[in-house]
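Reading the sequence shown from the start, the letters are residues -23 to -1, 1 to 185 in mature numbering (1 follows the signal peptide of the UniProt record, and there is no 0). Idealized CB from N, CA, C, for every residue including glycine. Everything on this sheet refers to the single structure shown next.
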Amino acid sequence: MIVFFQPWVCVAFLICSVVVVEAQTEAKEGRKDGKGSRRRPGRVTNKVSSSSLPQNATTQKSSPDPIVAGVDGGSPTAIWDEDFEKSIEEMVLQVRNNSALSKNKCVVDRQLWMSNTRSLSPWSYRINHDEKRIPVDIPEAKCSCAGCINPFTMQEDRTMTSVLIYTKIPVRRLLCDRPSRRHRKKKKCLPQYKTVVESIAVGCTCIV
């Protein structure tokens, strides 16, 4: 028995088949996009975190900061030492060439724009000389008054006291390692320059 279909039936069947195939294709693509969207944030995060680590490591190594750089900083520490020694040398030359800095008088001179002469606890500078230290010469403050200058009378008032202000600076001093008790006789002292921190007077202030 032969069954004949109407033409419109065939067309409708073809249209339904195409719609079903397209729906299945879109569903598959949606699943792929969903998986990709779930994975993309993770991938981006990994890229950012991995790229940030080398930058941080590079920043720490190239820090020009000697504290930060520490002993392993290399050239920044050496440059800082050279600049520090040059500044000390310039200060020494100023003290030697300018009599106002080395003048030791218990008076206030308001004509000079120098903190050591305009202070109520005036001070002068002297050269601290030490052959076993680098720098060899360092300017150091010395109080010019035992008391303080009274701002109303501009005379020394012994009811108050001028005291030194200290700061700590790094210097290189010629030292040798102390031999242990077992090897005191065998080991000789070989002096070497080592960095140490010393206190230097930089000014004076008044206390009651």
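Looking only at C-alpha atoms, which of M137, C181, S76, T144 sits nearest to residue 238?
Residue 238 falls outside the range modelled here, since the chain spans only -23 to 185, and no answer is possible.
For the pair the region 125 to 132 and the region 84 to 97, tell me if three or more CB-CB distances fall below 8 Å.
Taking a cut-off of 8 Å for Cβ pairs, the region 125 to 132 and the region 84 to 97 touch, as three or more such pairs fall below it.
R73 - DSSP class collapsed to helix/strand/coil
Locating residue 73 in the sequence shown gives position 96, counting from the first residue. Helix.
Over the uninterrupted alpha helix (DSSP H) stretch that includes N93, give me the two end residues.
Residue mapping note: residue 93 aligns to position 116 of the sequence shown, counting from 1. Counted as a single uninterrupted DSSP element, the alpha helix (DSSP H) harbouring N93 occupies residues 92 to 95.
What would DSSP say about S101, mapped onto helix, strand or coil?
Looking up residue 101 in the sequence shown gives position 124. DSSP places S101 within a strand segment (E or B) once states are collapsed to three.
Which residues DSSP lists as bridging V140, in chain order:
Locating residue 140 in the sequence shown gives position 163, counting from the first residue. Beta-bridge analysis with DSSP links V140 to T182.
Here's a check: name, in chain order, each residue in its chain whose Cβ is nearer than 6 Å to the Cβ of L152, leaving out the five neighbours to either side.
For the purposes of this step, residue 152 is taken as residue 175 along the sequence shown, with counting starting at 1. Excluding residues within five positions, the ones whose Cβ falls inside 6 Å are K171.
Just reading off the beta strand (DSSP E) that A123 is part of, what are its end residues?
Taking the sequence shown and counting its residues from 1, the one referred to as residue 123 is at position 146. In the DSSP assignment, A123 falls outside any beta strand (DSSP E) and carries neither an H nor an E.
Going straight from the alpha carbon of L77 to that of M131, what length do you get?
Numbered from 1 along the sequence shown, position 100 holds the residue referred to as residue 77. Numbered from 1 along the sequence shown, position 154 holds the residue referred to as residue 131. Note that residue 77 is Ala in the sequence shown here, rather than Leu. Those two C-alpha atoms are separated by around 19 Å.
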